[in-house]
Amino acid sequence: MDWKIPLFKIYWDDDDVNRVVETIKTGMNWATGSNVQEFERLFEDYVGTRYAVAFNSGTSALHAILLAYDIGQGDEVIVPSFTFIATANSPLFVGAKPVFADIEETTYGLNPKDVLDKISSKSKAIIPVHYGGSPCLIEEIKKIAKEHN
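Residue numbers (numbering that gives the first Met the number 0): 0 to 148.
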């Protein structure tokens with residue numbers, strides 16, 4: 000794969016650094032303080048949605064979304080076999096079973112054909128992962144999800 004954007008490069012500018020230092024110096028609660036609320040409002044405006052909630056990690060966000068959709072004991076969640084551990088752990092956190100699907104070789108994301116093979120009557124969700132800045136075949140996965148809703 001030809002990486003146009005470095006996988007592990009952190010992008011920041013002086014404003015980012017100054018905001019972090021400012022927050023630390025004030026002693027305010029950085030996790031739920033005014034900067035987080037401002038970020039959520041700016042994000043809502045940017046994407047054109049009514050609500051946005053910032054999380055401390057992707058793990059927490061995945062856990063919350065599974066809870067929000069009432070996924071739990073006895074349910075199955077299809078996840079990629081090549082991913083960060085949080086993708087597979089989040090179904091376990093709510094009592095569901097992660098079902099590993101193969102990836103395809105151009106994006107390293109879920110292989111839609113294998114996702115289709117893994118769907119069962121217990122399947123309640125599919126968690127696609129866009130790996131290393133390369134989007135998975137999301138339109139195909141969305142189509143499969145809609146057909147098996």
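Note that beta-carbon positions come from the ideal geometry of N, C-alpha and C, so glycine has one too.
query	result
Measuring alpha carbon to alpha carbon, tell me which of T106, L91 and D113 ends up nearest T58.	L91
With distances taken from CA atoms, which of S122, K123 and E138 is nearest H129?	E138
For N28, count neighbouring C-beta atoms within 10 Å of its own C-beta (all shown protein chains included) and say buried if the count is 16 or more, exposed if not.	exposed
Put A87 into one of helix, strand or coil per three-state DSSP.	helix
For T86, count the other beta carbons within 10 Å of its own beta carbon; 16 or more makes it buried, fewer makes it exposed. Which is it?	buried
Have a look at A100 and S33 and give me their C-alpha separation to the nearest angstrom.	41 Å
Please return the same chain residues whose Cβ sits closer than 7 Å to the Cβ of A51, not counting the five positions on each side in sequence.	E39, F42 and E43
Buried or exposed for V114, going by 16 or more other Cβ atoms inside 10 Å?	buried
For L136, which three-state DSSP category applies?	coil
Please give the ranges of any alpha helix (DSSP H) in the region 102-148, keeping only runs that are unbroken, at least 4 residues long and fully inside the region.	111-117 and 137-146
Could you tell me the distance, in whole angstroms, from the CA atom of D15 to the CA atom of E21?	10 Å
Please state whether DSSP places F99 in a helix, a strand or coil.	strand
Can you list, in chain order, the residues of its chain with a C-beta nearer than 6 Å to that of T82? Leave out the 5 residues immediately preceding and following it.	V128
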